[in-house]
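Take the sequence shown: its letter number 51 is residue 54 in this note's numbering, and every next letter is one higher.
Glycine included, C-beta positions come from ideal geometry on N, C-alpha and C.
Computed from a predicted model, the values in this text were never measured in an experiment.
A quick write-up on the structure given underneath.
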Amino acid sequence: MKKKVAFLCVHNSCRSQMAEAWAKKLGNDIMEIYSAGTEEYHEVKPKAVSVMEEVGIDMKGHYPKLLKDIPQKIDILITMGCNVVCPYVPNSHNEDWGLEDPSGGSIKDFRETREIIRRKVEDLINRINKNEI
């Protein structure tokens, strides 16, 4: 049975969107993947879309979602480092990845964040496969 995994941040416009996209590309066979934010936002950051395109991942159809748009029971809840207290979402395992938000930064900052997220998603998949979480 696939694990329900949700990636959360404030606006669901950058880090959590990249995490969702990486997870769908790398772990769709073992995870049911969601992302959401705690506050409304009007778009996914264009630089996030651009840097993901560089590695062959199309996020053009992605849009910011809110907590109400994802299942209310999640197996694995990942927060991106929101620096805020996220509302409680029932889960079996949660962790905070403590990622700096590249918004407002250079394309280089977005690329670095993309690669950090890729490594973290690969590690998450590895731990799920080993039944560590």
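- Comparing C-alpha distances from Gly108 to each of Glu56, Asn94, Lys50, Gly101 shows the shortest one belongs to Lys50.
- At the C-beta level, Val124 and Ala22 come within 8 Å of one another.
- For Thr82, the uninterrupted beta strand (DSSP E) run begins and ends at 77 to 82, by DSSP.
- Contact annotation, Ile128 with Leu29: C-beta distance approximately 6 Å; criterion of less than 8 Å satisfied.
- With respect to Leu70, Val92 sits close: the two C-beta atoms are nearer than 8 Å.
- Shown here for Ser106: same chain residues with a beta carbon closer than 7 Å to its own, the five before and five after excluded, namely Cys17, Lys48 in chain order.
- If the five residues before and after Lys76 are omitted, its C-beta is found closer than 6 Å to the C-beta atoms of Pro93, all from its own chain and listed in chain order.
- Partner residues in a beta bridge of Phe113, as assigned by DSSP, do not exist.
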